[in-house]
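Sequential numbering from 2 applies to the sequence shown in my numbering.
Each residue gets a CB set at the ideal place from its N, CA and C atoms; glycine is no exception.
Remarks on the structure that follows.
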Amino acid sequence: MVSAITGTFTQGDIIATIQGEQDQIIRSPLAGVLLVQGGPGTGKTAVALHRAAYLLYSDSRIIQGGGVLFVGPTEGYLAYVDDVLPSLGEDSVQVCTLRELVVEGATASVEADPAVAELKSSTEVLKGVEAAVAYY
Numbered sequence: 002m003v004s005a006i007t008g009t010f011t012q013g014d015i016i017a018t019i020q021g022e023q024d025q026i027i028r029s030p031l032a033g034v035l036l037v038q039g040g041p042g043t044g045k046t047a048v049a050l051h052r053a054a055y056l057l058y059s060d061s062r063i064i065q066g067g068g069v070l071f072v073g074p075t076e077g078y079l080a081y082v083d084d085v086l087p088s089l090g091e092d093s094v095q096v097c098t099l100r101e102l103v104v105e106g107a108t109a110s111v112e113a114d115p116a117v118a119e120l121k122s123s124t125e126v127l128k129g130v131e132a133a134v135a136y137y
């Protein structure tokens with residue numbers, strides 16, 4: 002069923018269609034930051050949301066250590082995440098954009114240099130995100 006509001010499948014619809022590879026990601030051992038990436042419509046959001054719920058359910062260290070931080074691309078996307086997580090039984094996930102993760106983010110501007118913008122959108126930025134999350 003397609004949601005008229007979001008134009009995407011609802012989480013209830015998606016859970017019935019999770020592929021084996023997606024389930025492996027959802028249930029993989031906890032090893033720090035997990036970057037979920039893929040093309041449009043590949044189930045990234047479903048996997049990431051179910052991963053957050055799974056970790057909170059399966060690993061008591063998560064709650065004791067402060068919970069799950071879900072970093073998303075935009076405030077609108079995170080509003081959707083905040084709406085869906087309670088339907089998965091979770092209301093203790095913290096959400097933020099990369100911009101909100103560090104003090105300097107409040108004054109950050111769009112990158113004008115295409116080469117730098119490409120680097121910032123690559124998986125290499127994961128090292129910086131891991132450091133920021135550890136600090137946060």
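Along the chain, where does the beta strand (DSSP E) containing Thr46 start, and where does it finish? Segment 45 to 59 is the alpha helix (DSSP H) holding Thr46; no beta strand (DSSP E) there.
Three-way DSSP call (helix, strand, coil) for Val96 in this model: strand
Please determine, among Ile26, Asp24, Tyr137, the residue with the shortest C-alpha to C-alpha distance to Arg100. Tyr137
If you follow the alpha helix (DSSP H) that Leu79 is part of, which residue opens it and which one closes it? 76 to 85
Would the region 113 to 132 and the region 78 to 85 be scored as touching if the rule is three or more Cβ pairs under 8 Å? In short, these stretches do not touch, since the Cβ pair count stays below three.
Delimiting residues of the alpha helix (DSSP H) encompassing Val134: 126 to 136
For Leu50, tell me which candidate among Pro41, Pro30, Glu91 has the shortest Cα-Cα distance. Glu91
Could you tell me whether the Cβ atoms of Leu56 and Val69 are closer together than 8 Å? yes
Can you tell me whether Leu70 is helix, strand or coil according to DSSP? strand
At the level of alpha carbons, what is the spacing between Val111 and Ser59? 39 Å
Which residue wins for smallest C-alpha separation from Val72, given the options Val37, Ser61, Ala32? Val37
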